[in-house]
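Since the structure comes first, as structure tokens, the remarks are kept for the end.
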Amino acid sequence: MEDNEIIDLFWERSERAISETDIKYKSLCLHIADNILKDHSDSEECLNDTYLAAWNSMPSHKPKYFPAFICRIMRNLALKKYEYNNAKKRNPEVLVSLDELADCISSDENVEDICDAKELGEIISRFLRTQKQRDRIVFIRRYWYYDSVQEISEKYLLSESSVKQILFRMREKLRKFLEKESL
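Numbering of the sequence shown is given in my numbering, commencing with residue 3 and proceeding in unit increments.
Take a look at the structure:
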């Protein structure tokens, strides 16, 4: 089923919207959550919460790009669940990813104090559109999906050192881009 048809089902308040979303996007959503939470039962819980959040937001909001909409909800819920579950414990893979990106921001303030997440997202999207496709994909797999360097290297047939080098160069380019944008 096409995404616009799924969105129409949400707008019609048809419960079939949930089942069609599940068929099409369950594995992608669980991949995101599993990379963050490292606990499949928590990921399943976030998946159900994602469908509920999509259901509740649809009458007032019609997403332009449904996969990004549903994945953003899943990612945010998984990060909240991670924060709740790990007040003292930390998932090193997520922390390393976040720490790597934090180095791109040339300020003592945190990202929320500099600008809202939507504005930062738009700036990063603009930056990514200027990059080579391979580099853009590696960057997104690492910092959106939280894939490990090893997973990225295996999936895209690159050496781990190549992936690390791409990520390093992309972070440097992003830092310079953000400086030009006055962040």
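Beta carbons are placed, not taken as given, at the ideal position from N, Cα and C, and that holds for glycine.
- Cβ-Cβ distances below 6 Å link Leu130 to Arg138 in the same chain, with the five nearest sequence neighbours on each side left out; the list follows chain order.
- Here the stretch 39-47 does not lie against the stretch 16-29, with fewer than 3 beta-carbon pairs under 8 Å apart.
- Assignment of Met76 by DSSP, reduced to helix, strand and coil, places it in the helix class.
- Excluding its 5 nearest sequence neighbours in each direction, Lys166 has C-beta neighbours in its own chain below 8 Å: Val151, listed in chain order.
- Closest in C-alpha terms to Asn78, from the list Gln135, Ile154 and Cys31, comes Cys31.
- By a beta-carbon distance limit of 8 Å, Ile142 does not contact Glu183. Their separation comes to about 19 Å.
- Within a 10 Å sphere around the beta-carbon of Arg128 sit fewer than 16 other beta-carbons, which makes this residue exposed.
- With distances taken between CA atoms, Glu85 lies nearest to Ala35 out of Asn58, Trp57, Pro69 and Ala35.
- Leu54: member of the alpha helix (DSSP H) spanning His42 to Ser59, first to last residue.
- Non-local beta-carbon contacts of Arg171 in its own chain, meaning distances under 8 Å to residues more than five positions away in sequence, involve Asp137 in chain order.
- With a contact defined as Cβ atoms closer than 8 Å, Asn37 and Tyr148 qualify at about 4 Å.
- Distance from the CA atom of Cys73 to the CA atom of Ser16, rounded to whole angstroms, is 21 Å.
- Annotation: Asn58 to Glu121 spans about 24 Å, alpha carbon to alpha carbon.
- Secondary structure of Gln133 (DSSP, three-state): coil.
- Per DSSP, reduced to three states, the secondary structure at Glu181 is helical.
- The Cβ atoms of Pro65 and Ile8 lie no closer than 8 Å to each other.
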